[in-house]
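**Q**
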Amino acid sequence: MQLNMTNTPDNNSPRIIKKYPNRRLYDTAISSYITLDDVKSLVRDNVKFYIQDAKTGEDITRSILLQIILEQEAAGEPIFSSEVLAQLIRFYGDTLQGILANYFERSLGLFSKQQEDARAKMYNPISFMTDIAEQNITLWKDMQESFFRATLPTKSVDSLKDTKKNSVVDEDKPAKSS
Numbered sequence: 000m001q002l003n004m005t006n007t008p009d010n011n012s013p014r015i016i017k018k019y020p021n022r023r024l025y026d027t028a029i030s031s032y033i034t035l036d037d038v039k040s041l042v043r044d045n046v047k048f049y050i051q052d053a054k055t056g057e058d059i060t061r062s063i064l065l066q067i068i069l070e071q072e073a074a075g076e077p078i079f080s081s082e083v084l085a086q087l088i089r090f091y092g093d094t095l096q097g098i099l100a101n102y103f104e105r106s107l108g109l110f111s112k113q114q115e116d117a118r119a120k121m122y123n124p125i126s127f128m129t130d131i132a133e134q135n136i137t138l139w140k141d142m143q144e145s146f147f148r149a150t151l152p153t154k155s156v157d158s159l160k161d162t163k164k165n166s167v168v169d170e171d172k173p174a175k176s177s
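In numbering that gives the first Met the number 0, the protein residues as written are 0 to 177.
(1) Name the DSSP beta bridge partners of Tyr196, please?
(2) Could you compute how far the alpha carbon of Arg14 sits from the alpha carbon of Lys39?
(3) Can you grab the Cα-Cα spacing for the pair Phe127 / Asp116, in whole Å?
(4) Could you give the first and the last residue of the continuous alpha helix (DSSP H) run that contains Tyr102?
(5) Could you check whether the region 54 to 67 touches the region 99 to 114, counting it as contact only if at least three pairs of C-beta atoms, one from each stretch, sit closer than 8 angstroms?
(6) Ignore the nearest five residues each way along the sequence and tell me which others in Thr27's own chain have a CB closer than 6 angstroms to its CB.
(7) Taking the straight line between their C-alpha atoms, what separation do you get for Trp139 and Ser62?
(8) Name the DSSP beta bridge partners of Ala14, please?
(9) Does Ser40 come out as helix, strand or coil in the three-state DSSP assignment?
(10) Quick check: the Cα distance between Asn123 and Asp130, rounded to an integer number of angstroms?
(11) Phe48 to Ile29, Cα distance in whole Å?
(12) Quick one, which of Thr34, Ser80, Met142 has its alpha-carbon nearest Arg105's?
(13) Verify whether the separation of the beta carbon atoms of Ile59 and Lys18 is less than 8 angstroms.
(14) Let me know the secondary structure DSSP gives Ile136 once reduced to three states.
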């Protein structure tokens, strides 16, 4: 049976999926039980949803998404090597944990946008690659600044910016001879 996975009464509000003690998932938007594969389809289709424990009302979306990732990692070509997973574990409890979460969110968002752009711009690869390079440089600069802000006192970061601005040579003025 093919489920209608995109239509909801209000496309702006997230769909509510309830997980019952028997481990079954019930999609309230379509009044039907669904599987983890159906949840994966919702993710791929960019449908907003959250998963709620039917007994406690607790939001368990993250744990269900992690379960899907675990199944995907075990089933085929994994995205995360053992070394990458070990590095991720090392970040938990670290002072930079929040920065890493923000970095992942922004990087994956940019990567997804670049994938969409790639599909749309296959006819002009040079322009596409230039756009990607510029976006990556901007993201890298922003993340570097966030890192410095998190690790250095504010005054130090601002003085680094001032030093950087003052070290730029104005191309319209002749260079001073020493």
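Just so you know, even glycine gets a beta-carbon here, dropped at the ideal spot from N, CA and C.
Keep in mind that this is a model prediction, so the values were computed, not measured.
**A** In short:
(1) Residue coverage of the chain in this structure runs from 0 to 177, which leaves residue 196 outside it and unanswerable.
(2) Working through the sequence shown from its first residue, we reach residue 14 at position 15. Working through the sequence shown from its first residue, we reach residue 39 at position 40. When rounded, the distance between both Cα atoms is 14 angstroms.
(3) Taking the sequence shown and counting its residues from 1, the one referred to as residue 127 is at position 128. Taking the sequence shown and counting its residues from 1, the one referred to as residue 116 is at position 117. Between Phe127 and Asp116, the C-alpha separation is close to 8 angstroms.
(4) As a position in the sequence shown, residue 102 is number 103, starting the count at 1. Segment 96 to 119, the alpha helix (DSSP H) holding Tyr102.
(5) no
(6) Within the sequence shown, numbered from 1, the residue matching residue 27 stands at position 28. Once the five neighbours on either side are set aside, the close Cβ partners of Thr27 are Ile15.
(7) Taking the sequence shown and counting its residues from 1, the one referred to as residue 139 is at position 140. Taking the sequence shown and counting its residues from 1, the one referred to as residue 62 is at position 63. Using only the alpha carbons, I get a separation of about 30 angstroms.
(8) Here residue 14 corresponds to residue number 15 of the sequence shown, with the count starting at 1. Note that residue 14 is Arg in the sequence shown here, rather than Ala. Answer is Phe48, bridged to Arg14.
(9) Residue mapping note: residue 40 aligns to position 41 of the sequence shown, counting from 1. Helix.
(10) To locate residue 123, count along the sequence shown from 1; it is residue 124. To locate residue 130, count along the sequence shown from 1; it is residue 131. In a straight line, the C-alpha of Asn123 is about 11 angstroms away from that of Asp130.
(11) Working through the sequence shown from its first residue, we reach residue 48 at position 49. Working through the sequence shown from its first residue, we reach residue 29 at position 30. Rounded to the nearest angstrom, the two C-alpha atoms are 13 angstroms apart.
(12) To locate residue 105, count along the sequence shown from 1; it is residue 106. Nearest C-alpha to Arg105: Met142.
(13) Locating residue 59 in the sequence shown gives position 60, where the first residue counts as 1. Locating residue 18 in the sequence shown gives position 19, where the first residue counts as 1. Yes.
(14) What you label residue 136 is simply residue 137 of the sequence shown in a count that begins at 1. Ile136 falls in the helix class under three-state DSSP.
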